[in-house]
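Below is one structure; the comments refer to it alone.
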Amino acid sequence: MANPYRFSFGPWNIHSGADPFGPAVRDEFSFIEKLDFYKNLGFEGVQFHDDDIVASADDAWSKQEKDAKKIRQLLDERGLEAEFVAPRLWEHPLTIDGAITSNSPEARKYALERSLRSIDIANIVGAKNIVLWPAREGTYMREAKDPVASVGRLVDWLNAMLEHGKNIRILGEMKPNEPMDQAYVPTTGHFLGLAQLTIDPSRVGTLIESAHAILAGLDPSDEMAYALYQKKLWSVHLNDQNGLKFDEDKSFGVVDLRRAFNQVWVLERNGYGQNGEFVGLDVKALRTQSKATSTKHLRNSREIFLQLVDLARSLDVHKIDALRANRDYEELDMVIINHLLGH
Ligand code: XUL
Ligand code: MN
15 MANPYRFSFG PWNIHSGADP FGPAVRDEFS FIEKLDFYKN LGFEGVQFHD
65 DDIVASADDA WSKQEKDAKK IRQLLDERGL EAEFVAPRLW EHPLTIDGAI
115 TSNSPEARKY ALERSLRSID IANIVGAKNI VLWPAREGTY MREAKDPVAS
165 VGRLVDWLNA MLEHGKNIRI LGEMKPNEPM DQAYVPTTGH FLGLAQLTID
215 PSRVGTLIES AHAILAGLDP SDEMAYALYQ KKLWSVHLND QNGLKFDEDK
265 SFGVVDLRRA FNQVWVLERN GYGQNGEFVG LDVKALRTQS KATSTKHLRN
315 SREIFLQLVD LARSLDVHKI DALRANRDYE ELDMVIINHL LGH
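For the sequence shown, the working numbering gives the first residue as 15, with consecutive numbering after it.
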């Protein structure tokens, strides 16, 4: 069977290795150099934050429009496609305590205008999807904000975006914590609940990141299944995560191969990708890599995904069905492990 998958990542996935405890350890590749990696590494989708496209989200629209047209040209010249634009609402001085759920009306106004602007940017670069990772939409302590009003503000935000961009889809990318102690909308299920309250639920879906699901104590493949059943899994950020700690963004499958296999299997069984969805990665190169070797995490993640696709396709489903019917899960364990070990 032909491989139907198209892969994507964002320019932030090639980076200089700074972490909260130390500075950059390798020079940053230029944006053009990063774009030139895509095809060579086997990727054709580019994921963007708004300010990956425009020099500054605070520039006048005439300047932002020019920047966005330039990026569109660079993509077209390389045969690349913009998969999504995500307004980066968590770095600006105005959004220190959140964007949409900030207690400051000025911050909320800024965040809303910037979100609508990201739709205008998406229209120029040809992206149909807006991804929302509500980074600071939560609290460090429960008393800091009004939680009910905050949920309402998030729904109003979705509605304003649906109203402004009549052809765009909104994909919520949920994460339970980090940078906040607690997010107001910590999981896919929470977000899809809110989607039903919007003016157009058919245009509100989700991007599921493996590490975010794991941080919520959930299994990423079951999270994906939940969204797939609702036909709302419109993108993924595959990666891996070693337990409950900071968001590690490790290469896909390197921590728990069986957990990775189950993600691939659920995607493969349910026709993921056949309506143009990308297999997106959100992976960080280890800080210990040299500049010359700092794209191997992308190569590895894609390769591991494709090898797991082969394993998903060669699994004997009749055997699985029979073991399920007989409730012989000990044997099922062995069948899966043997399959992963290549026996
Ligand atoms: C943060 C995260 C973001 C989103 C895009 O944990 O995953 O990079 O993927 O804003
Ligand atoms: Mn992500």
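Quick reminder that beta carbons are idealized off the backbone N, C-alpha and C, glycines included. Values in this document were obtained by computation on a predicted structure and should not be read as measured data.
Across which residues does DSSP place residue i in a beta bridge pair?
i      : result
Asp33  : Gly36
Arg183 : Asn143
Phe23  : Val60
Phe98  : Gln61, Asn143
Gly152 : Ala197
Taking 8 angstroms as the cut-off, is the beta-carbon of residue i closer than that to any non-hydrogen atom of the ligand MN?
i      : result
Glu187 : yes
His357 : no
Asp296 : yes
His251 : yes
His226 : yes
Trp147 : yes
Leu211 : no
Glu223 : yes
Among the residues of its own chain, which have a CB less than 7 angstroms from the CB of residue i, if the five just before and after it don't count?
i      : result
Asn41  : This sequence places Asp at residue 41; Asn is not what is there. The answer, listed in chain order, is Ser30, Lys305.
Val2   : No statement about residue 2 is possible, as the shown extent of the chain runs from 15 to 357 and does not include it.
Lys83  : Ile138
Ile133 : Ile144, Met175, His178, Gly179, Ile182
Trp171 : Ile114, Leu126, Ser129
Within 8 angstroms: the Cβ of residue i and any heavy atom of the ligand XUL?
i      : result
Glu237 : no
Glu192 : yes
Trp26  : yes
His29  : no
His311 : no
Arg102 : yes
His63  : yes
Asp33  : no
Asp254 : no
Using C-beta distances below 8 angstroms, list every residue in its chain close to residue i, excluding the 5 sequence neighbours before and after it, in chain order.
i      : result
Arg131 : Asp64, Ala71, Trp75, Gln78, Pro101
Lys46  : According to the sequence displayed, residue 46 carries Ile and not Lys. Contacts found: Leu88.
Any beta-carbon of chain D closer than 9 angstroms to the one on residue i?
i      : result
Ala339 : The chain inventory of the structure shown lacks chain D, comprising one protein chain alone.
Output needed for residue i: all residues of its chain with C-beta closer than 6 angstroms, excluding positions within five of it in sequence on either side, in chain order.
i      : result
Leu103 : Thr109, Ala113, Ala125
Ile135 : Asp64, Ile67, Ala82, Val99
Should the region 322 to 335 be called in touch with the region 62 to 69, which here means at least 3 C-beta pairs below 8 angstroms? no
Could I get the ranges of all uninterrupted beta strand (DSSP E) runs contained in the region 57 to 83, with 3 residues as the minimum, in chain order? 59 to 63
Three or more beta-carbon pairs under 8 angstroms between the region 253 to 272 and the region 235 to 245, yes or no? no
Let me know the beta strand (DSSP E) ranges lying completely inside the region 103 to 144, each 3 residues or longer, listed in chain order. none
Considering only residues of the region 194 to 236, which uninterrupted alpha helix (DSSP H) runs meet the minimum length of 4 residues and lie entirely inside it, listed in chain order? 202 to 209, 224 to 229
Runs of 4 residues minimum, wholly inside the region 280 to 333: which ones carry the alpha helix (DSSP H) assignment? 310 to 328
Which parts of the region 246 to 270 are runs of the beta strand (DSSP E), unbroken and 3 residues or longer, counting only runs that do not cross its ends? 247 to 251
Decide yes or no for the touch test of the region 281 to 299 against the region 335 to 355: beta carbon pairs closer than 8 angstroms, at least 3 of them. no
Could you tell me whether the region 91 to 101 touches the region 162 to 170, where touching means 3 or more Cβ pairs closer than 8 angstroms? no
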